[in-house]
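Residue numbers (mature numbering (1 follows the signal peptide of the UniProt record, and there is no 0)): -19 to -1, 1 to 174.
Below you'll find the structure, written out as structure tokens, and then a few comments.
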Amino acid sequence: MMRTLPWLLAALASTSALATETTTEPEQDWVDELLVSLGSSDTVDTSKLIDWGVLPGPFVNPEQGLGIGVAAVGLYTPYDWTQDDHFSTLTLTAYASTSGSFGLGVENRTYLADDTIRLLAEGWISHTPGYYWGIGRDAAENDANKTQYDAQIIRLAPKVALQVFDSTYISTGWSYQSVTKVDPDPGVLPRKT
């Protein structure tokens, strides 16, 4: 048995090597074809104002139920773009669910002047369920305090970043967020959080 083991291993190894040499590229399946129809590509078409790719997807969770989300990513080139520069991006995200929750977001990253200036912005608006336990650790540790509510969220955050050294940027901007609850039981939750 010990004499035949090396021969057996060599035969199996050569058979698998032959099998890998004769395999061909697999055909695109329906998922790949769907993604291509939604803009999936290995290259960026710089002749377009924005080259979009879209990716939808379902989700499910206890608070929101069944839902669908979509992300659309657009690559674009600003006025002074060269082949060595980063592509600028515009990303749109959205979701909606059976509980009535929804959200819409946008994020932009623009690279200018050979990536020495970056214009960054993001925004978000949503109507989403959440939980509130009260104020303090003791309240949070007591499940009897758990109250479900719907929140309306608005978030804005524009920024400008300037390159000061190689791979080092200094940025300035502001961030605003408002979370307003939609109270199913008036008086249970504070008006603003």
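Don't be surprised by glycine CBs; every beta carbon is placed ideally from N, CA and C.
The structure presented is a predicted model; accordingly, all values stated were derived computationally and were not measured.
Would you mind sorting residue i into buried or exposed? The rule is 16 or more other CB atoms within 10 Å of its CB.
{"i": "W155", "result": "exposed"}
{"i": "G55", "result": "buried"}
{"i": "Q158", "result": "exposed"}
{"i": "Q133", "result": "exposed"}
{"i": "R99", "result": "buried"}
{"i": "Y60", "result": "exposed"}
{"i": "T63", "result": "exposed"}
{"i": "T149", "result": "exposed"}
{"i": "S22", "result": "exposed"}
{"i": "S152", "result": "exposed"}
{"i": "S69", "result": "buried"}
Does residue i come out as helix, strand or coil in the three-state DSSP assignment?
{"i": "N89", "result": "strand"}
{"i": "L30", "result": "coil"}
{"i": "E44", "result": "coil"}
{"i": "S18", "result": "helix"}
{"i": "W11", "result": "helix"}
{"i": "D65", "result": "coil"}
{"i": "D147", "result": "coil"}
{"i": "E2", "result": "Here E2 scores only 49 on pLDDT, less than 50, and its place in the model should not be relied on; the value that follows carries that caveat. Residue state, collapsed to three classes: helix."}
{"i": "D131", "result": "strand"}
{"i": "A121", "result": "helix"}
{"i": "Y157", "result": "strand"}
Identify which residue in the options has its Cα closest to the Cα of residue i.
{"i": "A125", "options": "E14, Y113, R136 and A132", "result": "Y113"}
{"i": "A75", "options": "T149, T63, D61 and F40", "result": "F40"}
{"i": "T24", "options": "D10, Y57, G38 and L47", "result": "Y57"}
{"i": "V160", "options": "S28, S69 and P110", "result": "P110"}
{"i": "N129", "options": "S80, I31, S28 and I49", "result": "The sequence as given places Gln at residue 129; Asn does not occur at that position. Selected option, being the one with the closest Cα: S80."}
{"i": "V17", "options": "S69, T27, W33 and V141", "result": "W33"}
{"i": "S82", "options": "I116, S107 and T91", "result": "S107"}
{"i": "D95", "options": "T27, D66 and S152", "result": "D66"}
{"i": "D131", "options": "N123, P139, K140 and G84", "result": "G84"}
{"i": "P139", "options": "E122, R90, G117 and F146", "result": "R90"}
Does the Cβ-Cβ distance between residue i and residue j come in under 9 Å?
{"i": "residue 181", "j": "V51", "result": "Here the chain covers residues -19 to 174 and nothing more, so residue 181 does not appear."}
{"i": "A102", "j": "E88", "result": "yes"}
{"i": "T97", "j": "Q144", "result": "yes"}
{"i": "residue 198", "j": "A53", "result": "In the structure as shown, the chain starts at -19 and stops at 174, and residue 198 therefore has no counterpart that could be examined."}
Excluding sequence positions up to five away, which residues of its chain have a Cβ less than 6 Å from the Cβ of residue i?
{"i": "A120", "result": "W114 and N126"}
{"i": "R136", "result": "W105 and Q158"}
{"i": "D26", "result": "D32"}
{"i": "residue 178", "result": "Here the chain comprises residues numbered -19 to 174, so residue 178 is not present and cannot be evaluated."}
{"i": "L93", "result": "P59"}
Apart from the five residues on each side of it in sequence, which residues of its chain come closer than 8 Å, Cβ to Cβ, to residue i?
{"i": "P43", "result": "none"}
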